[in-house]
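To start, the structure itself, in C-alpha cells.
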Amino acid sequence: EDTDLQPVVAMGADKVPILTWSCCRGRVEIVRMLLVKLRSSPGFDVNAPYSKMRLTALHVAVAECHAAVVQLLLDVPGIDIHAATSQGDTALQLAQKAGRDDIVQLLQARLTRDDVHDSSGSSSAEHDEA
Numbered sequence: 008e009d010t011d012l013q014p015v016v017a018m019g020a021d022k023v024p025i026l027t028w029s030c031c032r033g034r035v036e037i038v039r040m041l042l043v044k045l046r047s048s049p050g051f052d053v054n055a056p057y058s059k060m061r062l063t064a065l066h067v068a069v070a071e072c073h074a075a076v077v078q079l080l081l082d083v084p085g086i087d088i089h090a091a092t093s094q095g096d097t098a099l100q101l102a103q104k105a106g107r108d109d110i111v112q113l114l115q116a117r118l119t120r121d122d123v124h125d126s127s128g129s130s131s132a133e134h135d136e137a
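Under our numbering, the residues of the sequence shown are numbered 8 to 137, in order.
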C-alpha cells in the first residue's frame, strides 16, 4: 500500500491514511473536510486500499457502521463500491453481514443509480436508443 501520497496518522506501529482513520472513527465533519481538500491533491485515491486486508475508506466506514460517513463517500465521484477486501467482501456484503439495513439501502441505492448511468453519464435507456 502506497500511503506516501496521502496524509497518515500513526496508530501504534501502523500508519493509517487519515481519511481511513476518520472513517473508522465516524468523524463526519473531518471526512467531509478531507474529501474537499484531498480530492484536488495529486495522487489522492479515495479507493486506495489500506492494510493487507485491502480495506478502502468505504469498507471501514461500513464495517464500523457509520452511515453518515458512508453517504459522504458514496457522493464522491469515482468511489468504487464494487471494491473487494482480501477476503472478497464488498461494502454491500459487509453491511449485510453486520445486519445494517440502513447502510445496505444506501449502497443499493448507489448501485441502482450506477446501473442507470453508464460511464459516459448517459442513462442506459439513452445508450440503448443510440
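Where a beta carbon is used, it is the ideal one built from N, C-alpha and C, also for glycine. Note that the structure is predicted; figures quoted are calculated from it, not measured.
Q.
With H, G and I counted as helix, E and B as strand and the rest as coil, what does DSSP make of Val53?
A. coil
Q | When Ser93, Leu65, His73 and Ala75 are compared against Gly85, the one with the closest alpha-carbon | A | Leu65
Q) For Lys59, which three-state DSSP category applies? A) Look at Lys59 here: in three-state DSSP terms it is coil, with no helix or strand label.
Q | Contacting residues, own chain, Cβ-Cβ under 8 Å from Ile88 (five flanking each side not counted) | A | Leu65, Leu81, Thr97, Ala98, Leu99, Leu114, Arg117, Leu118 and Asp121
(Q) Taking 8 Å as the threshold (C-beta atoms), are Val76 and Ala102 in contact? (A) no
Q. Between Ser29 and the rest of its own chain, which residues show a CB-CB distance below 7 Å, the 5 nearest in sequence each way excluded?
A. Ile37, Val38 and Leu41
(Q) Rounding to the nearest angstrom, what Cα-Cα distance links Val23 and Ser48 in this structure? (A) Approximately 18 Å between the Cα atoms of the pair.
Q | Own chain, CB closer than 6 Å to Leu26, minus 5 neighbours either side, in chain order | A | Leu41 and Ala64
Q: Along the alpha helix (DSSP H) that carries His66, what are the first and last residues, could you check?
A: Residues Ala64 to Ala70.
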